[in-house]
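In our numbering, the protein residues as written are 23 to 136. By construction, the Cβ of each residue, glycine as well, lies at the ideal position given by its N, Cα and C atoms. Take a look at the structure below.
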């Protein structure tokens, strides 16, 4: 299984970015998919997760600003990030639960300038 994330970049505070992550080389059903992030000097933390049925869960710090969605047919998870803040600066990793095994993408850097 490979997870390939894209969509990171540099944006000014208040701006928006959309991350995408495609799962490939897997013929199995994907359970939860989600996004985590790791800022310099900090531990990796959950940003948002979405079940195969579409239920979502968000970190308190991003509620109301970020939206996670998925396309099961395309095995893709998205993260729409609006009203970005400098504290959202981090490497964002996508995650997929396949047969109770966690798979991780390599990460995509999001930098929010003030």
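Residue i to residue j span [Cα, whole Å]
i: residue 40; j: residue 102; result: 4 Å
i: residue 111; j: residue 30; result: 10 Å
i: residue 96; j: residue 136; result: 35 Å
i: residue 19; j: residue 124; result: Residue 19 lies beyond the residue range present for the chain, which begins at 23 and ends at 136; the question has no answer from this structure.
i: residue 79; j: residue 98; result: 17 Å
i: residue 129; j: residue 32; result: 15 Å
i: residue 25; j: residue 126; result: 6 Å
i: residue 119; j: residue 54; result: 5 Å
i: residue 131; j: residue 75; result: 28 Å
i: residue 83; j: residue 109; result: 10 Å
i: residue 89; j: residue 115; result: 15 Å
CA nearest to the CA of residue i, picked from the options
i: residue 56; options: 84, 68 and 131; result: 68
i: residue 12; options: 91, 32 and 121; result: Since the first and last residues shown for the chain are 23 and 136, residue 12 lies out of range.
i: residue 34; options: 125, 84 and 106; result: 106
i: residue 100; options: 36, 59 and 44; result: 44
i: residue 63; options: 113, 32, 93 and 79; result: 113
i: residue 73; options: 93, 25, 87 and 65; result: 93
i: residue 81; options: 32, 98, 42 and 59; result: 59
i: residue 134; options: 118, 38 and 28; result: 38
i: residue 77; options: 109, 91 and 104; result: 91
i: residue 36; options: 87, 131 and 115; result: 87
One or two residues paired with residue i in a DSSP bridge
i: residue 32; result: 133
i: residue 27; result: 43
i: residue 59; result: 67 and 114
i: residue 101; result: 41 and 90
i: residue 119; result: 124
Handout entry: the region 68-83 contacting the region 36-50, beta-carbon criterion three pairs below 8 Å
Key = no
Problem - Every unbroken beta strand (DSSP E) within the region 69-93, with a cutoff of 3 residues, ordered by chain - result: 78-80 and 88-93
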